[in-house]
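If you read the protein sequences in the order shown, they are chains P and D.
Going by this note's numbering, the residue at position 22 of the first sequence is 1503; the numbering climbs one at a time, nothing skipped.
Going by this note's numbering, the residue at position 12 of the second sequence is 629; the numbering climbs one at a time, nothing skipped.
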Amino acid sequence: QITLKESGPTLVKPTQTLTLTCTFSGFSLSTRGVGVGWIRQPPGKALEWLALIYWDDDKRYSPSLKNRLTITKDTSKNQVVLTMTNMDPVDTATYYCAHVWNPMYEGDYHYMDVWGKGTTVTVSS
Amino acid sequence: DIQMTQSPSSLSASVGDRVNMTCRTSQSISNYLNWYQQKPGKAPKVLIYAASSLQSGVPSRFSGSGSGTDFTLTISNLQPEDFAPYYCQQSYSTPYTFGQGTKLEIK
């Protein structure tokens, strides 16, 4: 059974760096075709895709946030870490991580078939 | 970025109804389209992947169709647990954008 859990601070101040950890079980991030993605959702708004990392360390970022995001994996710890610099109140959201499956093992096509419950982050001074 | 337009933004229906909701993309994405359901306070759940493939464990009353730029999610015989927002997402190119959602409400 695949499970994922997000962890990190619930409150950060403007200009600070946010570090979120996704700890997972039930799969290995060294398995071909597997990845972990991050998605966020501001209160009452739609989902926004942020970043993903694949088994082969291929990393994809949202271009609008690319200069603020870094995604890394620790396969031995079954963790993926997302850092976001220079936080602003507009970054207040629930942040989700999800298991990504790329059935073709290459290219862009994938879907997110198991999600964590999400962690709420508020940016305020 | 590929723009995703879902319509309608909200939809009222009754238990037992059949409903369609659409997702239009700003450029062709082949069948690189997924549909998610999100119940209040919960994480999204994938229903349909690759435009028309039903995710394991999802009831067969959910179906997807389309390719290129126009896609449809159909729910037949609506059940009380189906009333929720639905999002489409493209995985053709980064950023892998979501639509703004269609909120399915009880009439």
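Ideal placement from N, C-alpha and C gives every residue a C-beta, glycine not left out.
Because the structure is a prediction, the values reported are computed rather than measured.
Quick check on Gln717 (chain D) - is its C-beta less than 7 Å from some C-beta in chain P? yes
Could you check the C-alpha separation between Gly633 (chain D) and Lys724 (chain D) for me, to the nearest Å? 11 Å
Spell out whether any CB of chain D is found under 7 Å from the CB atom of Asp1539 (chain P). no
Short check: CB of Arg1541 (chain P) to CB of Leu1533 (chain P), under 7 Å? yes
Are the C-beta atoms of Leu1528 (chain P) and some chain D residue less than 7 Å apart? yes
Taking 7 Å as the CB-CB limit, is Gly1599 (chain P) close to chain D? yes
Let's test the definition: count the other Cβ atoms within 10 Å of the Cβ of Met1585 (chain P) and tell me whether it reaches 16, buried, or not, exposed. exposed
Relative to the C-alpha of Trp652 (chain D), which residue among D:Ser693, D:Tyr713 and D:Gln706 is closest? D:Gln706
Between the segment 1486–1504 of chain P and the segment 1570–1586 of chain P, can you find at least three pairs of beta-carbon atoms closer than 8 Å? yes
Hey, quick one: how far does the beta strand (DSSP E) through Val1581 (chain P) stretch, first residue to last? Ala1574 to Trp1582
Which residues bound the beta strand (DSSP E) around Tyr1592 (chain P)? Tyr1592 to Trp1596
Expressed to the nearest angstrom, what Euclidean distance is found between the alpha-carbon atoms of Val1561 (chain P) and Tyr1535 (chain P)? 10 Å
Exposed or buried, which one is Ile646 (chain D) when buried takes at least 16 other CB atoms within 10 Å? buried
State the Cα-Cα distance for the pair Tyr713 (chain D) and Ser631 (chain D), rounded to the nearest angstrom. 32 Å
By the criterion of Cβ-Cβ separation under 9 Å, what are the contact partners of Gln644 (chain D) in chain P? Correct list: empty, because the minimum Cβ distance to chain P is about 13 Å.
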